[in-house]
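Have a look at the structure below, then the notes.
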Amino acid sequence: MDANGYDGLKFGEGITKDDITITQEADGFVYIRINNTTDVVKFTQASTTSTLAIDYIYFADNSHSRIDANVILASLKTLTEGNDTLTANKDGTNNIQALAGDDTITGGIDARNNIDGGADDDTLTGGSYADSLIGGQGNDTLNGGNGDDTLNAGQGNDKVTGGAGNDILYL
400 MDANGYDGLK
410 FGEGITKDDI
420 TITQEADGFV
430 YIRINNTTDV
440 VKFTQASTTS
450 TLAIDYIYFA
460 DNSHSRIDAN
470 VILASLKTLT
480 EGNDTLTANK
490 DGTNNIQALA
500 GDDTITGGID
510 ARNNIDGGAD
520 DDTLTGGSYA
530 DSLIGGQGND
540 TLNGGNGDDT
550 LNAGQGNDKV
560 TGGAGNDILY
570 L
């Protein structure tokens, strides 16, 4: 990888964008993990104010040909115990674990969103695919959007909207 050209990370046969999860963790580093494996790529010089050392992520089957890693990084945010607002990646799979605070989390419109709001009064919004939204403790507002969603209101005085699709609601 050099500073003058377009650099990429290419995954092997059988791995698609739905098979990876990209997170920024408490240590400040960005991780790309292959789901259900121990395989991980760790970027130690990345933060929400810098760019990744790669320009694109490629997959062997060339489905959706490439993902702009810097767009993904721009949407990453380390959630805190305070009130956070996060808009997730527009596609792929988003696994989001909020902490305490009155959080507003909007999942990607064309993504499979797994969002846990944690404690306090949260507003969680899914996308157009099958999403999983967990309100947790507090007075939460959950909107699954389109798709066959699983909505778990948790404890509190919650407002839940399933949207289009065959949704499952846990009260």
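Take 400 as the starting number for the sequence shown in our numbering and just add one per residue.
Note that CB positions come from ideal geometry on N, CA and C, so glycine has one too.
Treat the numbers as computed from the prediction; the structure is a model and nothing was measured.
Would you mind working out which of Gly481, Asn482, Asp490 and Phe428 sits nearest isoleucine 419, comparing C-alpha positions?
Minimum Cα distance to isoleucine 419 is reached at Asp490.
Indicate the three-state DSSP secondary structure (helix, strand or coil) for aspartate 417 in the structure shown.
helix
Alpha carbon to alpha carbon, what distance is there between aspartate 557 and glycine 351?
Given that the chain is displayed from residue 400 to residue 570, the structure contains no residue 351 and the question cannot be resolved.
Using a Cβ-Cβ cut-off of 7 Å (strictly less than) and excluding sequence neighbours within five positions of glutamate 412, which residues of its own chain qualify?
Ala459
Can the beta-carbon of glycine 534 be found closer than 8 Å to that of leucine 541?
yes
Are the beta-carbon atoms of aspartate 521 and alanine 552 separated by less than 8 Å?
no
When you compare only the Cα positions, how much space is there between aspartate 417 and valine 440?
Each residue's alpha carbon lies about 16 Å from the other.
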